[in-house]
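Visitor:
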Amino acid sequence: MSKRILIVDDNEDNRRILRDLLTAAGMDVVEAVTGEDAVGCAQREPLDLVLMDIQLPGIDGYEATRRIKALPATKAVPVIAVTSYALAGDERKARDAGCDGYVSKPFSPRALLAKVREYLA
Amino acid sequence: MREDIEPAIRVEQSVHLVAQLPTLVIGNWTGALIGILLSVDHVAWPRLLGFVWIGVMTLPMAANWLKLRRKPRPAQVSARRIRLAAWHSLVMGLSWVVAVLLVLGAVPTINQASLLFGIIIMCTGAVASISALPYSALAYFVPMMTTVLVVSALHGALPYKPIALLTGLLFVALSGFLRQNWRTFQRNVAVAVERARLADEVRSAAEEVRVAQQRLQSIIDAIPMPLAIFRLRDARTVYANRWAADLVGLSLPDMLSRTSDEFFFDPRENRRILDGLRGGRTVVDHETRLRRGDGSAVPVRLASILMDYDGEKAILAAVEDITLRKEHEAQLDRARQAAEDASRAKSLFLANMSHELRTPLNAIIGYTELIQDATYGEVPPKIGEVLARVEASGRHLLGLINDVLDLSKIEAGQVTLSLGDYSMRQVVHTVAQSVESLAADKRLVLDVDVPADLPVARGDERRLTQVLLNLVGNALKFTDAGRVSVAVTTEDDDFLVSVSDTGPGIAAADQERIFEEFQQAEASATRAKGGTGLGLAIARRIVAMHGGRLWVESKPGEGSTFRFRVPVRAETRA
Chain A
2 MSKRILIVDD
12 NEDNRRILRD
22 LLTAAGMDVV
32 EAVTGEDAVG
42 CAQREPLDLV
52 LMDIQLPGID
62 GYEATRRIKA
72 LPATKAVPVI
82 AVTSYALAGD
92 ERKARDAGCD
102 GYVSKPFSPR
112 ALLAKVREYL
122 A
Chain B
480 MREDIEPAIR
490 VEQSVHLVAQ
500 LPTLVIGNWT
510 GALIGILLSV
520 DHVAWPRLLG
530 FVWIGVMTLP
540 MAANWLKLRR
550 KPRPAQVSAR
560 RIRLAAWHSL
570 VMGLSWVVAV
580 LLVLGAVPTI
590 NQASLLFGII
600 IMCTGAVASI
610 SALPYSALAY
620 FVPMMTTVLV
630 VSALHGALPY
640 KPIALLTGLL
650 FVALSGFLRQ
660 NWRTFQRNVA
670 VAVERARLAD
680 EVRSAAEEVR
690 VAQQRLQSII
700 DAIPMPLAIF
710 RLRDARTVYA
720 NRWAADLVGL
730 SLPDMLSRTS
740 DEFFFDPREN
750 RRILDGLRGG
760 RTVVDHETRL
770 RRGDGSAVPV
780 RLASILMDYD
790 GEKAILAAVE
800 DITLRKEHEA
810 QLDRARQAAE
820 DASRAKSLFL
830 ANMSHELRTP
840 LNAIIGYTEL
850 IQDATYGEVP
860 PKIGEVLARV
870 EASGRHLLGL
880 INDVLDLSKI
890 EAGQVTLSLG
900 DYSMRQVVHT
910 VAQSVESLAA
920 DKRLVLDVDV
930 PADLPVARGD
940 ERRLTQVLLN
950 LVGNALKFTD
960 AGRVSVAVTT
970 EDDDFLVSVS
980 DTGPGIAAAD
990 QERIFEEFQQ
1000 AEASATRAKG
1010 GTGLGLAIAR
1020 RIVAMHGGRL
1030 WVESKPGEGS
1040 TFRFRVPVRA
1050 ETRA
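Those protein sequence lines, which keep their order, are chains A and B.
When we follow the numbering used here, the leftmost residue of the first sequence carries the number 2, and every step to the right adds one.
When we follow the numbering used here, the leftmost residue of the second sequence carries the number 480, and every step to the right adds one.
Listed below in C-alpha cells is the structure:
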C-alpha cells in the first residue's frame, strides 16, 4: 500500500513540486493550503507523514503541528518542517512545536525525498 | 593693686575727687571759720592766719572743681596728678595741725575740746569722702589725728585720758574703714573694667557674627540654585533667594507671602514631605513637579532638611530645575524608540526579504531538479546540459542571497552567538567530510592534523563550522594541484587553526582586500571559481565575535595559509 503524505504549503509552486516529486516516487499526496486545513485533513485522513510549511496564513505551521501532535490518531505521524526561516533558533522552535525533522527552503527535491524515505522507513 | 586696671583706677579716683571737691572745700571753710570763731576772742589776730591759710589752700581745689565739673570723663589721668592730690592733702593736714596748735594753748578748755572735736570730725569726714584716694586721706588725717592723740595724751586734765584712748581707737577704726573702702573701690573698678571689656567683646563678637552672616548671605545669593526656607509650623515662606522666586515665576515679596503648599499641585504631597521631615527623615532626590505662579508646572528635584530659623523649626529646601534633563530624557527615549523601531523594521524586512527571495528560487531549483530527474519525461541531452547551468546559477543566486542576508544580519547586530560546548576535532571532521567529494573530484590531497586531546571548547559550533568550511572550500576552489592541509593547535588558551594550500598564492596588495565584501584577488576569479565574495568578510566577523582574529599569510607562487585564533572558551561579548 502506498504511503500518504500531507503537504501543507500556501504556495502553489511549492505544492506542485512536492506533489510531482512524491507522486513520481509512488506516494499518495493530500494537500492543505492553511494550518486549519492541515489539522482538518489530519483528523479526516489516515496519514504516514506531514511536510509542514511554517509561514502560513492564519495559524502558522508551529501551531498546526502542535494541534496535529495533540490528536490521538496523528500523534505518532512524523512532521517535517519545511521553512524559509533560515534564522538561528528556528530549528529549535520547530522541534519545540513537535516537528520531527527540519528542512530549509530552497530545498533540493532529491535531498527532501531522501529525508522523507528516511522517516517512512 | 592690679597693674592692668591702674589707669582705670586713676580715672575713677580723679572723677571721684572732682565730685567730692565742693564738699571738701566747704567742709574745710566751715572748719576754718569755726576755728576762727572759737579763737578770735582769745588770741591776737596773727595767730588766726593758720585758719586763713587753710582757706587759701582750698582755692586751687575750688578752681579745679570749677574747671573740671563740666568736663567729660577723662580718658586717662596721670599718676602725678594723683600724687599731687596726696601732697596737697598732706599740706592741708599739716596746715590744720599748725592752725590748731597756734591757738590751742590760748583758748578756754571748752574751746580746746571743740577744736579737737572739730578736727576729729574733719578727719572722719575726709576719710569718708576721699577713701577712693587712700594716700590723700592718710596724708590728711594721720597728722591731724596724731596731733589730737598726742595733745590729749600729754594733757594734764583727767578727762583727756579717755579722749586719747578713744582717739587712738578711732584712728585704728578709720584706718580699717579706709582700707576696706579702698578694696571695695578697687574691686568695683575691676568689675567695671571687666564689664567694659566684656561689652567690647560682645560688641565685636556681634560684629563678627554680622560679617559672617553677610558673607554667608553673599555665598547663598551667589549659588545659582533655588533655595527657600519654610516655617514648619504653618509652611509659610520665611526666606527665598531670587532663583527660587524665578523658578516659581513670582516676585520675592509675592513668594514670601505664600506657603509651601501653594507650590505643589497636590498639597498632600507637601504634607507627606513635611511629616517625613518631622519624623526625622531627610529628603534627597525627590522628583516632582512644582506649581508656578501662573499655574504652569516645572519639573524639579528636591532636597530638604530640618533647620532652626529665627528660633523656630523650619525646612530648608534646595530645588533643582530639571526641565532640561527631562527634555533630554524624553528626547533620548524618543531616539531610542526610533532606533528600536528602525531595528525592528530592518529585522522584519530581512525576514520578509529572505522569505520572498527564497520562495521563487525554491520553485526554480525544484522544477529544474525534477525535470533533470526525468519526473516529467525523458530530457534530451542538450536541454539537460542547459538545465545543469540553470541549476548552477540558481544555487549561486541562493548562495548570494544567503551570504548577503547573513552579512546584513551581522552588520545589523542581529546575529548573536549561541554559545555551547563543542569539540574542535568534531568541527574539523564535519568540514572534512563535507568537502571530501570536492577534493576527490579535483584530485587534491586533504590533510587533517588535529590532536586527539584538545580541550572541550565553548563557542558557536555552527558558526565556527561555517568559518572553517569557507576557508577549506576556498582553498580547494583556488588550488588546482597539490594539497590542502588543516591543522589545529592550542596556544595560551586559544585555538590556532590554519588552512594551507598549494594554490597560486595572494599578492601582498590583495591580502587585506580579500576580506572586504565582494572582493576576490582577481575580479574575474569570482565567476570562474564560484563563490559570492562575501565568505571571508562573514568569516572574519564571526571570528571577531568570538573574540578572535582571522588573517592570511601568502606569497604568490607559494600557496596561502589562512589562520584564525579563537579563545578555547569564548564568552558572550557585550
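Glycine is no exception: its CB is placed at the ideal position from the N, C-alpha and C atoms.
Would DSSP call B:K1034 helix, strand or coil?
Guide: Coil.
Visitor: Can you name the start and end residues of the alpha helix (DSSP H) that B:T537 belongs to?
Guide: That run of the alpha helix (DSSP H) goes L528 to L547.
Visitor: Please compile the residues from chain A whose C-beta is within a distance smaller than 9 Å of the C-beta of B:A871.
Guide: Those do not exist, as B:A871 stays about 13 Å from chain A at its closest Cβ, beyond 9 Å.
Visitor: Please look up how many angstroms separate the CB atoms of B:R1042 and B:L975, rounded, as I've assumed it's under 8 Å.
Guide: With a Cβ gap of about 7 Å, B:R1042 and B:L975 count as contacting.
Visitor: Helix, strand or coil for B:F1041, going by three-state DSSP, please let me know.
Guide: Reduced to three states, the DSSP call for B:F1041 is strand.
Visitor: Rounded to whole angstroms, how far is the Cβ of B:D740 from the Cβ of B:P746, which I believe are closer than 8 Å?
Guide: Between B:P746 and B:D740 the Cβ distance is about 4 Å, and since that is below 8 Å, they are a contact.
Visitor: Taking 8 Å as the CB-CB limit, is B:E970 close to chain A?
Guide: No - not a single Cβ of chain A is within 8 Å of the one on B:E970.
Visitor: Run the CB neighbour count on B:N949, radius 10 Å, all protein chains shown included, and call it buried at 16 or more, exposed below.
Guide: Counting Cβ neighbours within 10 Å, B:N949 comes out buried, since at least 16 surround it.
Visitor: Please confirm whether B:E848 has its beta-carbon closer than 8 Å to some beta-carbon of chain A.
Guide: Judged by the 8 Å Cβ criterion, B:E848 is in contact with chain A.
Visitor: Report yes if the CB atom of B:G984 is closer than 8 Å to the CB atom of B:S1033, and no otherwise.
Guide: Yes, these two residues count as a Cβ contact at 8 Å.
Visitor: Counting only beta-carbon separations shorter than 8 Å, does A:I6 have a partner in chain B?
Guide: No, A:I6 does not count as interfacial toward chain B.
Visitor: By how many angstroms is the C-alpha of B:G1014 removed from the C-alpha of B:A1002?
Guide: Model confidence at B:A1002 stands at a pLDDT of 49, short of 50, so the residue's coordinates are unreliable and nothing is read from them.
Visitor: Of all Cβ atoms in chain B, is any one closer than 8 Å to the Cβ of A:P110?
Guide: Closer than 8 Å to some Cβ of chain B, the Cβ of A:P110 qualifies, so yes.
Visitor: Have a look at B:P525, B:A809, B:V1031 and B:N590 and flag the residue whose alpha-carbon is nearest the alpha-carbon of B:A986.
Guide: Here the closest residue by C-alpha is B:V1031.
Visitor: What residues from the segment 54-66 of chain A come within 9 Å of chain B, judged by C-beta to C-beta, listed N to C?
Guide: So the close ones are Q56.
Visitor: Tell me the DSSP secondary structure of B:E996 in three-state form.
Guide: In the structure shown, B:E996 sits in coil (DSSP, three-state: anything other than H, G, I, E or B).
Visitor: Short of 6 Å in beta carbon distance, which residues of its chain neighbour B:R1020, apart from the five on each side in sequence? Order them along the chain.
Guide: Contacts found: I889.
Visitor: May I have the straight-line CA-CA distance separating B:E766 from B:S833, to the nearest angstrom?
Guide: Between B:E766 and B:S833, the C-alpha separation is close to 48 Å.
Visitor: Go ahead and pull the three-state DSSP assignment for B:E491.
Guide: Helix.
Visitor: Can you find a CB in chain A that lies within less than 8 Å of the CB of B:H1025?
Guide: Chain A contact via Cβ: absent.
Visitor: Contact check, B:E995 vs B:A1023 under 8 Å by CB: the rounded distance?
Guide: Between B:A1023 and B:E995 the Cβ distance is about 14 Å, and since that is not below 8 Å, they are no contact.
Visitor: Going by the DSSP bridge assignment, what does B:R937 pair with across the sheet?
Guide: DSSP, once it has assigned bridges, lists B:D900 and B:R1048 as partnering B:R937.
Visitor: Does any residue of chain B have a CB that is nearer than 8 Å to the CB of A:L22?
Guide: Closer than 8 Å: yes.
Visitor: Pull up the DSSP beta-bridge partners for B:V1069, would you.
Guide: As displayed, chain B neither begins before 480 nor continues past 1053, which places residue 1069 of chain B out of reach and without an answer.
Visitor: At 9 Å on the CB atoms, spell out the chain A contacts of B:R1020, in chain order.
Guide: Per Cβ cutoff of 9 Å: no residues; B:R1020 is ~15 Å from chain A at best.
Visitor: Would you verify that the beta carbon of B:N841 is, or is not, closer than 8 Å to some beta carbon of chain A?
Guide: Yes, contact with chain A.
Visitor: Would you report the Cα separation of B:L886 and B:V894, rounded to the nearest angstrom?
Guide: Approximately 9 Å, taken between the alpha carbons.
Visitor: So which residues on chain B does A:I18 lean against when the C-beta distance must stay under 8 Å?
Guide: Chain B residues near A:I18: N841, A842, G845, Y846 and L849.
Visitor: Determine, using beta-carbon pairs with one atom in the segment 112-120 of chain A and one in the segment 537-555 of chain B, whether at least three such pairs fall under 8 Å.
Guide: No, the segment 112-120 of chain A is not in contact with the segment 537-555 of chain B.
Visitor: Taking the beta carbon of B:R1006 as the centre, do at least 16 other beta carbons fall within 10 Å, making it buried, or is it exposed?
Guide: Only weak support exists for where B:R1006 lies, its pLDDT of 45 falling under 50; the value from the coordinates is given anyway. Under this definition B:R1006 is an exposed residue.
Visitor: Compute the distance between the beta-carbons of B:G772 and B:L729, then report whether it is under 8 Å.
Guide: Yes. Within cutoff.
Visitor: DSSP three-state label for B:H475, please.
Guide: The requested residue 475 of chain B is not part of the displayed model; chain B covers only 480 to 1053.
Visitor: Exposed or buried, what is B:A1049 when buried is set at 16 or more other beta-carbons lying within 10 Å of its beta-carbon?
Guide: Buried: at least 16 other Cβ atoms inside 10 Å.
Visitor: Can you look up B:V519 in the DSSP assignment and give me helix, strand or coil?
Guide: Correct three-state label for B:V519: coil.
Visitor: Suppose you measure from the CA of B:H1025 to the CA of B:R760; what does that come to, to the nearest Å?
Guide: Approximately 51 Å, taken between the alpha carbons.
Visitor: Would you kindly check if the distance between the Cβ of B:V1047 and the Cβ of B:T969 is under 8 Å?
Guide: It is a contact, given that the beta carbons lie within the stated cut-off.
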